[in-house]
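Heads up, the final residue of the sequence shown is numbered 179 in the working numbering, and it's a clean run with no missing numbers.
As structure tokens, the structure follows; a few thoughts come after it.
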Amino acid sequence: MRIKRHILMIALPALLIFAAVGFFRHSGNAEEAPKAPPPAVAVDSTKCIARTEYMRANHMKVLHEWRNSSVREGNRVFIASNGSRFQKSLNTCLGCHSTNRLFCFNCHMYANVKPKCWNCHLSPMETP
52 MRIKRHILMI ALPALLIFAA VGFFRHSGNA EEAPKAPPPA VAVDSTKCIA RTEYMRANHM
112 KVLHEWRNSS VREGNRVFIA SNGSRFQKSL NTCLGCHSTN RLFCFNCHMY ANVKPKCWNC
172 HLSPMETP
């Protein structure tokens, strides 16, 4: 009985150390997260309201600001930094970006976000 206890006292910690070393050895070698495929952009991106990098990071902020200022304040015209004027409307964006029906969908799926735009607006996926 005493021999079994000694074997157990040696084997159990050795087994735990072996398992921990195996786990930590492989946990740091994970591959990088997959890169997002470049989204299809408008044919003439010079017509966009702002630079691509800004829009990728802030498009929802822009849409929320547009909604609030147009609906609540009646200000329906956006003046870009270059002086161009745009209607504050989701249709302004979809005028160019709806050429690829999956433009919004693919990026939102990759980022694992579920925007509420389509709760009220007709999705480009639903249009003919």
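Think of the CB as a built atom: it goes at the ideal place given N, C-alpha and C, for glycine as much as any other residue.
In this structure, Val122 keeps its C-beta atom at 8 Å or more from the C-beta atom of Gln138. Counting the other CB atoms within 10 Å of its CB gives Cys171 a total below 16, which places it among the exposed residues. Your pair Pro175 and Cys155 checks out as a contact, with CB atoms roughly 7 Å apart and the cut at 8 Å. Secondary structure of Ile100 (DSSP, three-state): coil. Just so you know, the alpha carbons of Cys99 and Val72 end up roughly 53 Å apart. Contact check for Ser120 against Asn126 passes: the beta carbons are separated by less than 8 Å. Annotation note: the region 112-175 contains the following uninterrupted beta strand (DSSP E) runs of length 3 or greater, listed N- to C-terminal: 128-130 and 136-138.
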